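K.L.:
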Amino acid sequence: MAFVQKPQVYKSAINTVELGAGDRKIALGGATVYPLYSFDAPIENAPKIGVEISDLGLEGAPKAMLDYYGDCKTIAEVAKKAAAMPGADFVCLRFDGAEPGEGERTVEDCVKIAKEVAAAIDIPLVIAGCKNSQKDAQIFEKVAEALTGRNVLFLSAKEENHKTVGASVGLAYSQKVGAESSVDINLAKQLNVLLTQLGVAKENIIMNLGSAAAGYGFEYVASTIERVKLAALAQGDAMLQMPVVTPVASETWSVKEALISEDDMPEWGNQEQRGIQMEIVTAAACLAAGSDAVILKHPASVATISAMVAALM
Amino acid sequence: MAKFITIGERIHCISPVIREAMDKRNPEPILKRAKEQLDAGADYLDVNIGPAESTGVELMKWAVQLLQENFDNVPLCLDTSNSKAIEAGISVYNRSKGKPIINSADAGDRIGNIDLAAANDAICFALCSKAGVPADNDERMAYCQEMLERGMSLGMDPADLWFDPLFLVIKGMQDKQMEVLECIKMLSDMGLNTTGGLSNISNGMPRHIRPIMDSAMVAMAMMCGLTSAIVNPCDLRVMETIKSCDIIKNNNLYADSYLEI
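Line order of the protein sequences matches chains P and E. Everything in the first sequence is counted per the working numbering, starting at 84 for the first residue and increasing by one. Everything in the second sequence is counted per the working numbering, starting at 2 for the first residue and increasing by one.
1. Using three-state DSSP, classify Glu-182 (chain P) as helix, strand or coil.
2. Does the beta carbon of Gln-318 (chain P) sit closer than 8 angstroms to a beta carbon anywhere in chain E?
3. In the DSSP output, which residue or residues are listed as bridge partners for Leu-79 (chain E)?
4. Work out the CA separation of Met-218 (chain E) and Ser-203 (chain E) for me, nearest whole Å.
5. Which whole-angstrom value describes the C-beta separation of Asn-314 (chain P) and Thr-365 (chain P), a residue pair presumed to lie in contact below a C-beta threshold of 8 angstroms?
6. Per DSSP, what kind of secondary structure is Thr-7 (chain E) in: helix, strand or coil?
7. Just the C-alpha distance for Gly-113 (chain E) and Ala-106 (chain E), rounded to the nearest angstrom, thanks.
8. Just checking: is the beta-carbon of Leu-323 (chain P) within a distance shorter than 8 angstroms of some beta-carbon in chain E?
9. Look at the alpha carbon of Leu-260 (chain E) and the alpha carbon of Asn-275 (chain P), and state the distance between them as a whole number of angstroms.
10. Quick one: is His-381 (chain P) buried, meaning 16 or more other Cβ sit within 10 Å of its Cβ, or exposed?
11. Which class does Val-331 (chain P) belong to by DSSP, given the choice of helix, strand or coil?
12. Flag Asp-257 (chain E) as yes if its beta-carbon sits less than 8 angstroms from any beta-carbon of chain P, otherwise no.
13. May I have the straight-line CA-CA distance separating Ala-240 (chain P) from Ser-389 (chain P), to the nearest angstrom?
14. Could you check how far apart the C-beta atoms of Gln-256 (chain E) and Asn-269 (chain P) are, in whole angstroms? I think they sit under 8 angstroms.
15. Would you check if there are 3 or more beta carbon pairs closer than 8 angstroms linking the segment 177–192 of chain P to the segment 130–145 of chain P?
16. In chain A, which residues lie with their C-beta within 7 angstroms of the C-beta of Ile-268 (chain P)?
17. Label Asn-83 (chain E) either buried or exposed according to how many other C-beta atoms from any shown protein chain fall within 10 Å of its C-beta, with 16 as the threshold for buried.
18. Using beta-carbon positions only, say whether Val-266 (chain P) and Tyr-303 (chain P) come within less than 8 angstroms of one another.
19. Taking 8 angstroms as the CB-CB limit, is Ala-41 (chain E) close to chain P?
20. Please classify Ser-55 (chain E): does DSSP put it in a helix, a strand, or coil?
21. By Cβ distance, which residues of its chain are closer than 7 angstroms to Ala-341 (chain P), with the 5 residues on each side in sequence left out?
22. In this structure, how does DSSP classify Cys-14 (chain E) when only helix, strand and coil are distinguished?
23. Strictly below 7 angstroms CB to CB, what residues from chain E border Lys-272 (chain P)?
24. With a threshold of 8 angstroms between beta carbons, is Ala-96 (chain P) in contact with chain E?
25. Quick one: what's got a C-beta closer than 7 angstroms to Thr-242 (chain E)'s C-beta in the same chain, skipping five residues either side?
26. Taking Met-4 (chain E) as the query, report the chain P residues whose CB atoms sit under 9 angstroms from its CB, ordered along the chain.
27. Measure the C-alpha to C-alpha separation of Leu-128 (chain E) and Ser-229 (chain E) and round it to an integer number of angstroms.
28. Enumerate in chain order the residues of its own chain whose CB-to-CB distance from Met-214 (chain E) is below 8 angstroms, with the five nearest sequence positions on each side excluded.
29. Taking 8 angstroms as the CB-CB cut-off, is Ala-314 (chain P) touching chain E?
30. Ile-262 (chain E) touches chain P at which residues, Cβ-Cβ below 7 angstroms?
31. Quick one: what's got a C-beta closer than 7 angstroms to Thr-231 (chain P)'s C-beta in the same chain, skipping five residues either side?
32. Taking Val-327 (chain P) and Ser-374 (chain P) to be in contact with their CB atoms under 8 angstroms, please state how far apart those CB atoms are, rounded to whole angstroms.
33. Give the single residue among E:Ile-210, E:Ala-222, E:Ile-248 whose Cα lies nearest to the Cα of Gly-197 (chain E).
34. Does the count of Cβ pairs from the segment 45–52 of chain E and the segment 65–83 of chain E closer than 8 angstroms reach three?
As structure tokens, this is what we get:
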């Protein structure tokens, strides 16, 4: 008997959220089928790839990455080069240097850097904070104000600061709010409810469901993303239909597979290659689980994941 | 798996206010009741125009358009014994938020409403009865079979027949309650959708008792697999019970604010 395909297409859809402005803006979400299931129905917006840069520059970056960025001196030059990376859909600027402590970057400095980066690129910009909720809320408010009209995504509003971040980023400056829930599926939904009740439109919310490097509790990340997609599509849950953005580089480049030198662990082989592989396998698994965008940093990983997405769409 | 579907029962011509509004084509009281029910979380609204033998066609068209235009094409349940009126209602019905529901067919005089549903790609409530209250579950299941076969022979998706076991009033038929629940379980085991007029069970009870009794019944019925019910969505206790049962059944992902959405 001939195989008769029964496409699994849902009546519900992931919300379409636009990032950036002008010709180079991108759209996340919009799917009515499970992640990468383009054989069930066309997927309007292929998963997107962001390239992460840090306010601390390229210090400590692996060799091939340094080679790629060449003699970039300023953050603007780095941003421009990141935006030009083959496969890049957006740039993510992370304020690692703003973490409270000695020599921390001030909010004013962050605004200055954000403006320089924004001026250097024409693809969408994502701003990631420094892991301190209070400082993040201050940075996000000022950067959102300074970059009004650029339609920037901010990562992220958390349980502790969602009111201030939602009110400034989402309401006052109509930018995009990332809701971060650290692999807590019920909190993921709750944050979306709270942001919505605050008045942030669903078209302005994305989810960061949390992240982990493959092998480091990643199965919780994957199953959380999958359950969210199931709720969004099969159960028509409007409070979980926001697209998912997963920062990958910030996790995978800080685990031992990426950090231990070849001298210390010769049987593991080339250190940079290991880092790239961690980044690629984690990103691929996130996309299979349902991330609508992943944030990477190594040019080799960006090239591989972009080729994978192109082949599957 | 899918969330429980609540059908708001408060646009009913038995209510003097609604009857008068329908007679005079006065939108305000109907819109007010519709809004109250939707704000309270109703998924569908039942529009009961009574038999309306002479005016049904025009009245149903008017009511369908009135409600859908004012409430973003809210899905409706067309409730009348006048099949011409149902047909007329469907002819102006917008399906963007859900198929129309025909309320209702049975295995007796009203079996033709299944044909009407099949011809119009509508959902149809199917009462497991022929004339009066079925004696037992053997009888209920025989009627179910009869209606299921009829619908399927006309090309209906079985999921579009929502079987109603007939909720019975507790005062007077207390000994029949477990049987109704068992019937829901049997229908559910067959993978069928189910519905019913829940508040029937508490008819004649004091006002303050009814929400308690209705809530207990809906929880037990959902345990048995009930997938929808015609309820008063303005009854907070019943709605909170339904939402809580949906969480326990994993039909809806929990969030601390689940009662507010």
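Where a beta carbon is used, it is the ideal one built from N, C-alpha and C, also for glycine. As the structure is a prediction and not an experimental result, all values here were calculated from the model.
P.N.:
According to the data block:
1. Counting from one through the first sequence, the residue named residue 182 (chain P) turns up at place 99. Three-state DSSP puts Glu-182 (chain P) in coil, outside helix and strand.
2. For the purposes of this step, residue 318 (chain P) is taken as the residue at position 235 of the first sequence. True, the Cβ-Cβ gap to chain E drops below 8 angstroms.
3. As a first step, residue 79 (chain E) is located in the second sequence; it is residue number 78 there, counting from the start. Beta-bridge pairing links Leu-79 (chain E) to E:Val-48, E:Ile-103.
4. Here the question's residue 203 (chain E) lines up with position 202 in the second sequence. Here the question's residue 218 (chain E) lines up with position 217 in the second sequence. Each residue's alpha carbon lies about 10 angstroms from the other.
5. Along the first sequence, one-based indexing puts residue 314 (chain P) at 231. Along the first sequence, one-based indexing puts residue 365 (chain P) at 282. It is Ala, not Asn, that sits at residue 314 (chain P) in the sequence shown. Ala-314 (chain P) to Thr-365 (chain P), Cβ: 23 angstroms. No contact.
6. By one-based count along the second sequence, residue 7 (chain E) stands at place 6. It is a strand residue.
7. The residue given as residue 113 (chain E) occupies position 112 in the second sequence. The residue given as residue 106 (chain E) occupies position 105 in the second sequence. Each residue's Cα considered, the two are about 7 angstroms apart.
8. On the first sequence, residue 323 (chain P) is found 240 positions in, with the first residue counted as 1. So yes, Leu-323 (chain P) belongs to the interface.
9. For this step, residue 260 (chain E) is matched to residue 259 along the second sequence. For this step, residue 275 (chain P) is matched to residue 192 along the first sequence. Spanning the alpha carbons of Leu-260 (chain E) and Asn-275 (chain P) requires a straight line of approximately 14 angstroms.
10. For the purposes of this step, residue 381 (chain P) is taken as residue 298 along the first sequence, with counting starting at 1. His-381 (chain P) counts as buried, since no fewer than 16 other beta carbons sit within 10 angstroms of its beta carbon.
11. Within the first sequence, numbered from 1, the residue matching residue 331 (chain P) stands at position 248. Reduced to three states, the DSSP call for Val-331 (chain P) is coil.
12. Counting from one through the second sequence, the residue named residue 257 (chain E) turns up at place 256. Yes, contact with chain P.
13. The sequence position of residue 240 (chain P) within the first sequence is 157, counting from 1. The sequence position of residue 389 (chain P) within the first sequence is 306, counting from 1. Distance between the alpha carbons of Ala-240 (chain P) and Ser-389 (chain P) is about 28 angstroms.
14. In the second sequence, counting from the first residue as 1, residue 256 (chain E) sits at position 255. In the first sequence, counting from the first residue as 1, residue 269 (chain P) sits at position 186. According to the sequence shown, residue 256 (chain E) is Ala rather than Gln. Correct: roughly 5 angstroms between the Cβ atoms.
15. In short, these stretches touch, since the Cβ pair count reaches three.
16. You won't find chain A in this structure, because its protein chains are P and E.
17. Against the second sequence, residue 83 (chain E) aligns to sequence position 82. By the C-beta density criterion, Asn-83 (chain E) is buried, having at least 16 other C-beta atoms within 10 angstroms.
18. Along the first sequence, one-based indexing puts residue 266 (chain P) at 183. Along the first sequence, one-based indexing puts residue 303 (chain P) at 220. Yes. Within cutoff.
19. Counted from its first residue, the second sequence places residue 41 (chain E) at position 40. The C-beta of Ala-41 (chain E) comes no closer than 8 angstroms to any C-beta of chain P.
20. Position 54 of the second sequence, counted from the first residue, corresponds to residue 55 (chain E). Correct three-state label for Ser-55 (chain E): coil.
21. The sequence position of residue 341 (chain P) within the first sequence is 258, counting from 1. Thr-335, Arg-357, Gly-358, Met-361, listed in sequence order.
22. For the purposes of this step, residue 14 (chain E) is identified with residue 13 of the second sequence, where counting begins at 1. Residue state, collapsed to three classes: coil.
23. Counting from one through the first sequence, the residue named residue 272 (chain P) turns up at place 189. What Lys-272 (chain P) touches in chain E: Leu-254, Ala-256.
24. For the purposes of this step, residue 96 (chain P) is taken as residue 13 along the first sequence, with counting starting at 1. Not an interface residue.
25. Taking the first residue of the second sequence as position 1, residue 242 (chain E) is located at position 241. Excluding sequence neighbours, Thr-242 (chain E) sits near Ser-216, Val-219, Ala-220.
26. The residue labelled residue 4 (chain E) in the question sits at position 3 within the second sequence. In the sequence under discussion, the amino acid at residue 4 (chain E) is Lys, which differs from the Met named in the question. Within chain P, the residues near Lys-4 (chain E) are Gln-318, Gly-319, Asp-320.
27. If you number the second sequence from 1, residue 128 (chain E) lands on position 127. If you number the second sequence from 1, residue 229 (chain E) lands on position 228. In this model, Leu-128 (chain E) and Ser-229 (chain E) are separated by some 14 angstroms (Cα to Cα).
28. Position 213 of the second sequence, counted from the start, is the residue given in the question as residue 214 (chain E). Cβ within range, chain order: Ile-171, Ile-202, Ser-203, Met-206.
29. Taking the first residue of the first sequence as position 1, residue 314 (chain P) is located at position 231. Closer than 8 angstroms: yes.
30. Translated into the one-based positions of the second sequence, residue 262 (chain E) becomes position 261. Correct list: Val-276, Met-322.
31. Position 148 of the first sequence holds residue 231 (chain P). Here Thr-231 (chain P) has Tyr-256 as same chain residues with Cβ atoms under 7 angstroms from its own Cβ, once five neighbours each way along the sequence are excluded.
32. As a position in the first sequence, residue 327 (chain P) is number 244, starting the count at 1. As a position in the first sequence, residue 374 (chain P) is number 291, starting the count at 1. Going by Cβ atoms, the distance from Val-327 (chain P) to Ser-374 (chain P) rounds to 5 angstroms, so yes, they are a contact pair.
33. For the purposes of this step, residue 197 (chain E) is identified with residue 196 of the second sequence, where counting begins at 1. Taking only the C-alpha atoms, the option nearest Gly-197 (chain E) is E:Ala-222.
34. Contact check between the segment 45–52 of chain E and the segment 65–83 of chain E: three or more CB pairs, one atom from each, fall below 8 angstroms, which counts as touching.
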